[in-house]
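By the count of the numbering used here, the sequence shown reaches residue 308 at its end, each step adding exactly one. The beta-carbon is built from N, C-alpha and C at its ideal position, and this holds for glycine as well.
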Amino acid sequence: MTRITLGRLLSTGSRRGILVTMGAAVLLAGCHSKPTGQVVATVNGDEITQTELNAELGNMQAGGANADKAALQKAALERIVERKLLAGAARQDGIDQSPEFIVKRKQLEDALLVQMLAQKIAGGIKTPATGDVDKFISDNSNMFAGRTIFAVDQLQFDTPKRDDYVKELTNAHTMEAVIAVLDKLGIKYQRQNTQVDSAMVPPQMLTQITKLPAGEPFVVPTPGKITVSVITGTKPAPLAGDVARPLAANAVRNNELGKALQQRLTAERGKAQIQYQPGFSAPAGAPGTAATGTPAK
């Protein structure tokens, strides 16, 4: 049996017609259609939609009643275009394949999903009752009737790798003594005068701070940072009436949102299959996990 190839089967004229058609298809594939409708621009074929532009405008938080809307829109669009160009350059350099990028992308994606879950849950939380608002105001005097603005002498430094600074600072009862300890240990710090609103301080911590002797430094550790502060002055700044009630109502709603998120977390942890490598297990008593860090189910 004779093997017939495509070249022999087709006549010269037919082959030429097919090649022309294929060439035209390739040329069309290399062109990008002009932006129309919901597509406001394209960058190397990557579409920018009106929805994406509106989101960018929202992130800019610029303008007002007298703002030039057209100018703001163009500025927002150019920000997106520039971001896409630089992102494309990063991809050309292979950054999108790096382990650091992959981890950070996952973190940002998870954080965004949690944020949007919180927004969804918040949409179902009812406006708090008058009694609940009144009780919150009464129970949180540091945010309302007893609100105080503290003038603070403050210094901050990165959490040292060495542990001896903790014992040394325990015996430092003035800011000058704290500075002497840090200088002796070679720990670099930044110093500033600032203000602290009692409404932003957890009540238990505020109680501890206000019981300190005058001029006594207090330490507040945060991830990666240590902050040492001394109160140098106080100014009453009470909130009441029409000013206090909306703030209290919002705080009550936020508390309800926090409880709802915690309930959802507990439920998800309880039904999840979670396994830990030895030495990395969750703290004892964490809902939904066994004491040994083995799967919850």
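The beta carbon of Pro-249 sits closer than 6 Å to the beta carbons of Ala-156 and Arg-158 from its chain, once the five residues preceding and following it are set aside; these are given in chain order.
The DSSP-derived three-state label of Lys-222 is coil. Between the C-alpha atoms of Glu-120 and Leu-128 there is a straight-line separation of about 12 Å.
Annotation: Asn-153 to Thr-238 spans about 22 Å, alpha carbon to alpha carbon.
Between Ser-240 and the set Pro-234, Leu-223 and Glu-63, the nearest pair of CA atoms involves Leu-223. Pro-232 carries a strand assignment under DSSP once its states are collapsed to helix, strand and coil.
Judged by DSSP in its simplified three-state form, Asp-164 adopts strand.
Thr-233 and Val-51 have their C-alpha atoms roughly 44 Å apart.
Three or more beta-carbon pairs separated by less than 8 Å are not found between the region 213 to 229 and the region 126 to 140, which leaves the two stretches without contact.
Residues Ala-87, Arg-90 and Ile-91 of the same chain have their beta carbon placed closer than 7 Å to that of Glu-67, with the five preceding and five following residues left out of the count.
As computed with DSSP, Ser-240 is found in a beta bridge with Gln-165 and Phe-229.
Taking 8 Å as the cut-off, the Cβ atoms of Gly-99 and Asn-65 do not count as close.
When Cβ pairs closer than 8 Å are counted between the two stretches, the region 137 to 152 is seen not to touch the region 181 to 197, the count staying below three. Apart from the 5 residues on each side of it in sequence, Thr-245 sits with its Cβ closer than 8 Å to the Cβ of Thr-159, Ile-160, Phe-161 and Ala-162 in its chain, given in chain order. Following the DSSP letters along the chain, one finds Val-189 in no beta strand (DSSP E) but inside the alpha helix (DSSP H) bounded by residues 186 to 196.
In its chain, beyond the 5 residues on either side, Ile-106 have a beta carbon closer than 7 Å to the beta carbon of Phe-112. Under the three-state reduction of DSSP, Ala-293 is assigned to coil, being neither helix nor strand. The C-beta of Ala-101 has fewer than 16 other C-beta atoms within 10 Å across all chains shown, which makes the residue exposed. The C-alpha of Val-254 is placed about 17 Å away from the C-alpha of Asp-150. Beta-bridge analysis with DSSP links Pro-247 to Thr-159. In the DSSP assignment, Gln-108 falls outside any alpha helix (DSSP H), carrying neither H nor E.
Val-54 carries a strand assignment under DSSP once its states are collapsed to helix, strand and coil. Put simply, of Gln-165, Ile-190 and Asp-164 the residue whose alpha carbon is nearest the alpha carbon of Tyr-176 is Ile-190. With a cutoff of 8 Å on beta-carbon distance, Pro-139 and Ala-283 are scored as not near each other. Just so you know, the alpha carbons of Ile-198 and Asp-174 end up roughly 12 Å apart.
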